[in-house]
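Reviewing the structure listed below.
In the working numbering, the protein residues as written are 482 to 664.
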């Protein structure tokens with residue numbers, strides 16, 4: 482019993498040290514007092530996008546059903562700090578009353594979304610958080626509204642500052658070439 486009381490304060494100190502407190506100086510707070518991102522938005526804020534305003538768009542056949550198509554549009558590829566967010570508009574056009582997922586639209590396979598840097602000959606894959614979860618929508622459990630644009634965001638390590646455009650690979654379909662990188 483005596484040993485437990487000697488270890489307990491160390492365990493509490495470890496837990497407090499690991500969870501910690503984060504404080505922000507006045508220079509990174511907005512009117513609401515919360516922290517801001519480099520883009521000036523509150524941390525955790527969601528940018529509003531119009532899925533109908535795209536910089537590139539293509540319609541492909543889909544294996545989800547006979548006669549199925551999928552329209553993929555690139556809304557933007559924006560670098561903020563060390564990360565790049567790829568925002569897509571995905572419009573499934575599957576016959577019948579269905580809510581397909583990306584997995585079904587892509588022939589029952591992972592869409593394996595990536596950025597190809599043709600200058601530095603590098604492939605960027607979706608980054609993972611500290612728990613190992615990819616920063617992207619779940620391609621099996623997230624179902625899309627059929628016949629309507631669905632916005633999805635994928636996060637990558639940012640390409641170097643000199644890279645002004647990349648190729649975007651999404652699923653089994655041909656890549657989108659020379660997609661501009663917004664900084």
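Backbone N, C-alpha and C define an ideal beta-carbon position, used for all residues, glycine too. Quick caveat, the model's predicted, so the values are computed rather than measured.
{"Check": "Please classify residue 561: does DSSP put it in a helix, a strand, or coil?", "Outcome": "strand"}
{"Check": "Note down, in chain order, each residue of its chain lying with its Cβ closer than 8 Å to the Cβ of residue 622, except the 5 sequence neighbours on either side.", "Outcome": "582"}
{"Check": "Spell out the partners DSSP gives residue 591 in its beta bridges.", "Outcome": "Paired residue(s): none; residue 591 is not in a bridge."}
{"Check": "To test your reading of the DSSP string, which unbroken beta strand (DSSP E) runs of 3 or more residues are found completely within the region 576-628?", "Outcome": "595-598, 603-606"}
{"Check": "In the DSSP assignment, what are the bridge partners of residue 554?", "Outcome": "538, 570"}
{"Check": "Between residue 556 and residue 532, is the Cβ-Cβ spacing less than 8 Å?", "Outcome": "yes"}
{"Check": "Helix, strand or coil: which one does DSSP assign to residue 544?", "Outcome": "coil"}
{"Check": "Tell me whether the beta-carbon of residue 553 lies closer than 8 Å to the beta-carbon of residue 536.", "Outcome": "no"}
{"Check": "Residue 653 by DSSP, collapsed to three states: which one?", "Outcome": "coil"}
{"Check": "Is the number of C-beta pairs between the region 538-551 and the region 608-615 that are closer than 8 Å three or more?", "Outcome": "no"}
{"Check": "So what's residue 549 in DSSP terms, helix, strand or just coil?", "Outcome": "coil"}
{"Check": "For residue 601, count the other beta carbons within 10 Å of its own beta carbon; 16 or more makes it buried, fewer makes it exposed. Which is it?", "Outcome": "exposed"}
{"Check": "Among 662, 607, 534, whose alpha-carbon lies nearest the alpha-carbon of residue 648?", "Outcome": "662"}
{"Check": "What residues are listed by DSSP as bridge partners for residue 661?", "Outcome": "646"}
{"Check": "Would residue 565 and residue 639 be called neighbours here (beta carbons separated by less than 8 Å)?", "Outcome": "yes"}
{"Check": "Report yes if the C-beta distance between residue 584 and residue 607 is below 8 Å; otherwise report no.", "Outcome": "no"}
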